[in-house]
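Chains as they are written, first to last, in my numbering: chain A, -14 to 323; chain B, 1350 to 1851.
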């Protein structure tokens, strides 16, 4: 099968199939097509879906998910997984909100930096358990998922921080629109650009793909695998810290159950966006589309008045259909290429 | 000043209490090809990994240019100019050809970002200079083994290594590719590169190497000039005894036809393949890598079913569409790539052997542990698998022993038709003789064997009949008496005039 065709025989699909197939060759083709179909279908049922207002609403809703999904993606690319993201967000959101409440005059930027610093500490802890403690990532982060959530309860003693306790400047951090778009959307875009550059144009970024693609070979190639592994959990913590501050600002509160279950959403966005759960494969545009798809599904289910009792199940069903159709389209494209 | 660029002095290394290397010394001169020879498990691969810093020696010293060095990982040894091409290929399946060559040291722009344009340009230049034609943007996952190896070699050449270690580089290359490789090696040697060359094909070593160092059971046996030593002496040094017959083929009267293949075709792989296989017969399937031999085997075994033609098993016409069906019909297939298709590396020996016959040990769905263990033990002992115990993980075994486990696994199904794909690729002389002995014995007991092999001595030594394939077509058929090296090579490389495979 692999031995048969020498590469010289390959002709370029571009010349053979034209523009459409050139587009279809992109890894993101499947999910893009699915999103288009979904948009058309929902718009037919509920015309208010395809409006600027509704779409900026969707963008606002998925900004945090996009940031966390990008963090999750880097971890998955390296052949790991970070289940503790939701608890890191919960813990950092609680601490930052508390500090801001005590110091209302504090510059907002300082709160952001504080959140990222705290997140880095939590991520460092994950990384140490996995690299030095030699604990498989899924177990290690399952443990810290509980530990960090437990610390939220301990730190807050079960109380909430409410909207009236937070200064306006902090609340505007996420929702203000000095640049036309809400700050939060801009922050997510900036993060995406940085991650894209990092993964595609730095050696460290390429090392993440290499480690995830073949961990043994990475060792022989002189890549410091442990360092890469540690780094992705550190970055994951850092981005979750950023997401936590945005979360507290957007929902104007910090609760003990902040971001509960978000780890699964972040994994879903990555995988729907074409990230291989076994590492080594995945792109930033794909993950952004994955987050967008999840946002559109959530938004549209309400718009087309699916009963709230059904929404969660419908959400899961649509995610599965998306992944399956993506696989199907991809295999068709592969076959055409041969 | 010693004449050596690299000197290993009394290196010892143990893994979990088992001494794999014992006081091994080894000297390498610049501008020589130094063969490292020994049976599987003799410690060659471990020695290589000690040199490259993947493992650290427990005892002993490594001197590079007369200065003691200590490598704590592969990165450090590479910086010192030591490159290695390992036996298990170490490519990144999800990265493309060009990036695989430069992984970990991609060219950077002035600003410190990866310079993709330069990376592709340099990779292209490098492959050109090696005379290798590959699509730079093809993912390594989709390359053939031979192609992957070329990428590995390009990667090693790209760091301008002064010491190049090649662990079985030729085991999956075609004759032409081997010739190309040797040309390159000789060029590097002329430039002063020191080359450590590991191969089980003694003919190759006599052709290429200047000196040879032999290891046995982790100990140093000796170093000789290649021109001063005979083949028999080398084998004696390796195994500590004389192997009288590498191809112990018994004469067997072939019986009834058990497998008949007529006009078998799979679009894009092979076309109009016809042959009969009889009881007690070993049918050799020769040809170059990529000639479609493996595809024929896979089609017969139902992995990639044929798109045309007929298969008869014991006179009955069958349509084999899955391996399960093939197993039920009495077929067994020992694949070419043991790691990928033949073994589950993370499982112990026992379940690996009993995998195809698990249902025999299951009573109402429950596994009968005791009988499974017993039959696995018997099969492993019959094959003389060298392991600590039958619960040792398959991936911890040496290549030759892995091959024995794969054979034991398929023999436990009691097949009537056995398909062997490169049965002795990459295994040592001693194990090779054992595998050949077993094949001969099985055939004498009435088993029909289809043997795919790229090694001509094996084809000539073991086959009752030989068919040769080229580019998906059968281009020759010879009886044992007719078959010669020249005839087979000519059939394997002739220009096909009867029409081409699609």
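Just so it is clear, CB atoms sit at the ideal spot from N, CA and C, and this is done for glycine as well.
Requested in this report: Kindly indicate which three-state DSSP category residue 1847/B falls into: helix, strand or coil?
Outcome: Note that residue 1847/B has pLDDT 38, beneath the 50 cutoff, so the model's placement of it is unreliable and the number below is only indicative. It is coil, neither helix nor strand.
Query raised in the report: Closest to residue 1535/B by CA distance: which of 1517/B, 1547/B, 1556/B and 1524/B is it?
Result: 1556/B
**Report entry** Rounded C-alpha distance that separates residue 1395/B from residue 1761/B
**Finding:** 32 Å
Query raised in the report: Given a limit of 8 Å on CB to CB distance, which residues of the segment 1441 to 1457 of chain B reach chain A?
Result: 1441, 1442, 1443, 1444, 1448, 1452, 1453, 1454, 1455 and 1457
Query raised in the report: residue 0/A: buried (16+ other C-beta within 10 angstroms of its C-beta) or exposed?
Result: Unreliable placement is indicated for residue 0/A, whose pLDDT of 42 sits below 50; no coordinate value is reported for it.
Query raised in the report: Leaving out five residues before and five after residue 1811/B in sequence, what residues of the same chain have Cβ atoms less than 7 Å from its Cβ?
Result: 1596, 1598, 1631, 1633, 1785, 1788 and 1800
Query - Secondary structure, alpha helix (DSSP H): runs of 4+ residues fully inside the segment 1415 to 1490 of chain B - result: 1423 to 1428, 1446 to 1451 and 1465 to 1479
Query - Cβ neighbours of residue 1783/B in the same chain (closer than 7 Å, five flanking residues each side left out) - result: 1733
Query - Contacting residues, own chain, Cβ-Cβ under 8 Å from residue 1339/B (five flanking each side not counted) - result: In this structure chain B extends from 1350 to 1851, so residue 1339/B is not present and cannot be described.
Requested in this report: Output the boundary residues of the beta strand (DSSP E) element that contains residue 1385/B.
Outcome: 1382 to 1386
Report task. Could you name each continuous beta strand (DSSP E) segment of 3 residues or more that falls completely within the segment 1650 to 1677 of chain B, going from the start of the chain to the end? Result -> 1657 to 1662 and 1665 to 1667
Query raised in the report: If we cut at 8 Å on Cβ distances, does residue 1845/B have a partner in chain A?
Result: With a pLDDT of 42 at residue 1845/B, under the threshold of 50, the predicted position of this residue should be treated as unreliable, and no value is reported.
Query raised in the report: Is the CB-CB distance between residue 1768/B and residue 1752/B below 8 Å?
Result: no
Query raised in the report: How big is the Cα-Cα spacing for residue 1412/B and residue 1373/B?
Result: 14 Å
Query raised in the report: Hey, out of 127/A, 74/A and 112/A, whose CA is closest to residue 101/A's CA?
Result: 74/A
Query - Short Cβ contact (8 Å threshold) for residue 279/A with residue 47/A - result: yes
Query raised in the report: So what does DSSP say about residue 312/A, is it helix, strand or coil?
Result: helix
Query raised in the report: So, does the CB of residue 205/A fall closer than 8 Å to a CB anywhere in chain B?
Result: yes
Report task. Decide yes or no for the touch test of the segment 1378 to 1389 of chain B against the segment 1559 to 1573 of chain B: beta carbon pairs closer than 8 Å, at least 3 of them. Result -> yes
Query - Reference residue 19/A; option with closest CA among 288/A, 38/A and 277/A - result: 277/A
**Report entry** Helix, strand or coil at residue 1573/B [DSSP, three-state]
**Finding:** strand
Query raised in the report: What does a CB cutoff of less than 7 Å around residue 1533/B pick up in its chain, not counting 5 residues either side in sequence?
Result: 1479
Report task. Take every Cβ of the segment 1413 to 1420 of chain B, pair it with every Cβ of the segment 1467 to 1476 of chain B, and state whether three or more of those distances are shorter than 8 Å. Result -> no
Query raised in the report: At a cut of 8 Å, does the segment 198 to 211 of chain A reach the segment 74 to 88 of chain A through at least three beta carbon pairs?
Result: no
Query - C-alpha distance - residue 33/A paired with residue 284/A, whole-angstrom precision - result: 11 Å
Report task. Answer with yes or no whether the minimum CB distance from residue 178/A to chain B is below 8 Å. Result -> no
Requested in this report: Residues of the segment 1404 to 1428 of chain B with a CB closer than 9 Å to any CB of chain A: list them in chain order, please.
Outcome: 1422, 1423, 1424, 1425, 1426, 1427 and 1428
Query raised in the report: Is any beta-carbon of chain A found at less than 8 Å from that of residue 1836/B?
Result: no
Query raised in the report: residue 1439/B to residue 1527/B, Cα distance in whole Å?
Result: 20 Å
Query raised in the report: Between residue 1845/B and the rest of its own chain, which residues show a CB-CB distance below 7 Å, the 5 nearest in sequence each way excluded?
Result: Residue placement at residue 1845/B is poorly supported in this model, since its pLDDT is 42, which falls under 50; the coordinates still yield a value, given next. Counting only Cβ-Cβ distances below 7 Å, and skipping sequence neighbours, we find 1819, 1820, 1822 and 1824.
Requested in this report: Take the Cβ of residue 1764/B as the centre, count every other Cβ of all protein chains shown within 10 Å, and call the residue buried at 16 or more, exposed below.
Outcome: buried
**Report entry** Continuous beta strand (DSSP E) assignments of at least 3 residues falling wholly in the segment 1490 to 1526 of chain B
**Finding:** 1512 to 1516
Query raised in the report: Listed in chain order, which residues of the segment 135 to 168 of chain A have Cβ atoms closer than 8 Å to some Cβ of chain B?
Result: none
Query - C-alpha gap between residue 1602/B and residue 1435/B, whole angstroms - result: 43 Å
Query raised in the report: DSSP on residue 290/A, reduced to helix/strand/coil?
Result: coil
Report task. Anything in the segment 183 to 194 of chain A with a Cβ closer than 9 Å to a Cβ of chain B? List those residues in chain order, please. Result -> 185, 186, 187, 188, 190, 191, 192 and 194
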